[in-house]
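Numbering (this note's numbering), first residue to last: 3 to 515. Cβ atoms here follow ideal geometry from the backbone N, Cα and C, with glycine treated the same way. Report on one structure; see the data block that follows.
This is the structure:
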């Protein structure tokens, strides 16, 4: 008997946890800054500096970059900015993880509270959420097949899995210079830059991933004694170099703006109307192939006794990936909008379910609206939540599936007519449909010299099928083969045995000379 072995790469999510953290700091204005009259808004940007997995924990080091925009009473209509950074350290506890596993940490800024202590002191509180996920890839040795022994019967089962080819973290440096419109006033100071990257498409060619993306830039600036807004779409292409890629490999991409620097320059007429942007985007990529292998889960010999060793493995089977785009629209009326400067949007998935052949994805799109109030004629911010729910029809799934959805906002457009603000956007939901299986596989097969004695058995045995019987178990019990039972009984549907059905087992004696 010759045993043929193979390696099964089993990827398993070892844990996922979310924690919330409060980061506090204070800003003291130096003498070069005008005194604070009233605060218009406060911004924050989270940057994850480093992550490290130790036993049962992910250690996270990060930084929040705060920016406060305020008006001063010293001069009418003058608007100023002040910035500060605050670092933080947190621990995400996930039982069972070790330093050899692969981890990923995502962050979101829930909201910022600010308070003006006096004319030169501002206190800030940022509430952040950190999401940690840890995965492990195990190499499991399996028996793929056995040759040179016709008496050995094996039962195989197919296993679907994602064969991870690699994970890569790279950075795209995007540079773009553009001039604002003729009817817009010159730029005195840029107050806010919101940068949102998203993927348009990708292709795989010659050991590289070619990513085509868009960075949506929304800018609020002060000029002409008022606030003004600019919105610009910046296309970019990025190459991710990887080996062992195949043309049908799949790729999961995550993008995050690490930094966005800008410079204001003069145009040909000498007006400060050119914005020169330099954007650094971190791109995390996971490349995998969807594969299927057969593993031996049971074996026996029809003429001699064998010894089996079994091992239980856990496999996360990838059943299907679905990309679904959802259009979201919302009309806001009677909110006192006179002018809209910009709208920030952040989608969050709150539930996934499989109901009646449909996958239901439910979430909330949080909007931060920066606007000029019609009555008070003051710059204000408004937070709105837009619920969304998608139904994707997919048949043939079991109730025990695991659904994970990653959502990204691809575009957001808005239009103010009268007192009605119309908002339209597109969400891209990447839905991963998996199931966890525990399978007992045969890890070792050992031959013995002990022959099975069939001589004293009846020539024919009539067996009555019991509930949950399968042909394999019956054949194994009587040291025959499934094919012989099918042939003796003219069974048309081997997988559909009826309880009470009679099956003839014919004795077959192997004679060795």
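Point to revise | residue 134 burial status per 10 Å Cβ neighbour count (16 or more: buried) | key: It counts as buried.
Practice item. Have a look at residue 163 and residue 384 and give me their C-alpha separation to the nearest angstrom. Key: Between residue 163 and residue 384, the C-alpha separation is close to 45 Å.
Exercise for review: Counting only the same chain and skipping the five closest in sequence on each side, list residues whose C-beta sits under 8 Å from that of residue 87.
Suggested key: The answer, listed in chain order, is 65, 66, 67 and 68.
Practice item. Output the distance between the C-alpha atoms of residue 130 and residue 333, rounded to the nearest integer angstrom. Key: One C-alpha to the other measures close to 29 Å.
Review point. Does the segment 305–319 come close enough to the segment 184–198 that 3 or more CB-CB pairs lie under 8 Å?
Key: No, they do not touch.
Review point. Where does residue 454 fall in DSSP's three states?
Key: Residue 454 falls in the coil class under three-state DSSP.
Check your understanding: Can you tell me where the beta strand (DSSP E) with residue 84 in it begins and where it stops?
Key -> That run of the beta strand (DSSP E) goes 81–95.
Check your understanding: Quick one: Cα of residue 361 to Cα of residue 437, how far?
Key -> So the alpha carbons of these two residues sit roughly 14 Å apart.
Point to revise | Sufficient close CB pairs (3 or more, under 8 Å) joining the segment 479–495 to the segment 321–339 | key: Counting C-beta pairs with one atom in each stretch, the segment 479–495 and the segment 321–339 have fewer than three that are closer than 8 Å, which means they do not touch.
Exercise for review: With a threshold of 16 other CB atoms inside 10 Å of the CB of residue 109, please say whether the residue is buried or exposed.
Suggested key: Burial state of residue 109 is buried, judged by a 10 Å Cβ sphere holding 16 or more other Cβ atoms.
Check your understanding: What first and last residue would you give for the beta strand (DSSP E) that runs through residue 490?
Key -> Residue 490 -> not in any beta strand (DSSP E); alpha helix (DSSP H) instead, spanning 484–491.
Review point. Is residue 496 helix, strand or coil by DSSP?
Key: Coil at residue 496, not helix or strand.
**Study point:** Straight-line gap, residue 167 to residue 293 (C-alpha atoms, nearest Å)
**Key:** Near 12 Å, if we compare the C-alpha coordinates of residue 293 and residue 167.
Review point. The beta strand (DSSP E) spanning residue 469 covers which residue range?
Key: Judged by DSSP secondary structure, residue 469 falls outside any beta strand (DSSP E); it is assigned neither H nor E.
Exercise for review: Ignore the nearest five residues each way along the sequence and tell me which others in residue 30's own chain have a CB closer than 8 Å to its CB.
Suggested key: Excluding its 5 nearest sequence neighbours in each direction, residue 30 has C-beta neighbours in its own chain below 8 Å: 122 and 123, listed in chain order.
Review point. Once you ignore the five residues that flank residue 499 on each side, which residues in its own chain have a CB closer than 6 Å to its CB?
Key: The residues are 467 and 471.
Exercise for review: Pick helix, strand or coil for residue 122, following the three-state DSSP scheme.
Suggested key: Residue state, collapsed to three classes: coil.
Review point. Is residue 288 closer than 8 Å to residue 173 when the C-beta atoms are compared?
Key: Here residue 173 is not near residue 288, since their CB atoms are 8 Å or more apart.
Review point. Which residue's Cα is closest to the Cα of residue 114: 35, 126 and 106?
Key: Minimum Cα distance to residue 114 is reached at 126.
Practice item. Along the beta strand (DSSP E) that carries residue 257, what are the first and last residues, could you check? Key: Start and end: 252–268.
Review point. In terms of residue numbering, what span does the beta strand (DSSP E) encompassing residue 317 cover?
Key: Annotation for residue 317: the continuous beta strand (DSSP E) segment containing it runs 306–335.
Exercise for review: Output the distance between the C-alpha atoms of residue 49 and residue 379, rounded to the nearest integer angstrom.
Suggested key: Using only the alpha carbons, I get a separation of about 35 Å.
Point to revise | Limits of the beta strand (DSSP E) - the one that residue 283 falls within | key: The continuous beta strand (DSSP E) containing residue 283 extends over residues 274–303.
Practice item. Whole angstroms is fine: what's the gap from residue 374's alpha carbon to residue 220's? Key: Residue 374 and residue 220: Cα-Cα distance of roughly 16 Å.
Point to revise | residue 143 beta carbon less than 8 Å from that of residue 9 | key: Their beta carbons are under 8 Å apart, which means residue 9 touches residue 143 by this criterion.
Check your understanding: Quick one: what's got a C-beta closer than 6 Å to residue 417's C-beta in the same chain, skipping five residues either side?
Key -> Within the same chain, residue 417 has close Cβ partners 424.
Review point. Per the contact definition of three or more C-beta pairs closer than 8 Å, is the segment 203–220 in contact with the segment 231–249?
Key: Segment contact: the segment 231–249 against the segment 203–220, three or more CB-CB distances shorter than 8 Å; contact assigned.
Point to revise | Nearest neighbour of residue 33, chosen from 341, 84 and 71 [CA to CA] | key: Of 341, 84 and 71, the residue nearest in Cα terms is 84.
Review point. By DSSP, does residue 475 sit in helix, in strand, or in coil?
Key: In the structure shown, the three-state DSSP call for residue 475 is helix.
Check your understanding: So residue 206 packs on residue 247, CB below 8 Å; how close in whole Å?
Key -> About 5 Å separates the beta carbons of residue 206 and residue 247, which is inside the 8 Å limit, making them a contact pair.
Practice item. Just tell me which of 46, 42, 13 and 12 has its CA closest to the CA of residue 27. Key: Measuring from the Cα of residue 27, the nearest candidate turns out to be 46.
Practice item. Pick helix, strand or coil for residue 345, following the three-state DSSP scheme. Key: Looking at residue 345 - three-state DSSP - the assignment turns out to be strand.
Point to revise | Delimiting residues of the beta strand (DSSP E) encompassing residue 480 | key: Segment: none, residue 480 is in no beta strand (DSSP E) and carries neither H nor E.
Review point. Among 20, 60, 14 and 157, which has the Cα closest to the Cα of residue 485?
Key: The residue with the shortest Cα to Cα distance from residue 485 is 157.
Review point. Hey, residue 7 and residue 145 are a contact pair by Cβ (cut 8 Å); roughly how many whole angstroms apart?
Key: Correct: roughly 6 Å between the Cβ atoms.
Practice item. Give the secondary structure of residue 132 by DSSP, where H, G and I count as helix, E and B as strand, and everything else as coil. Key: In this structure, residue 132 counts as strand in the three-state DSSP scheme.
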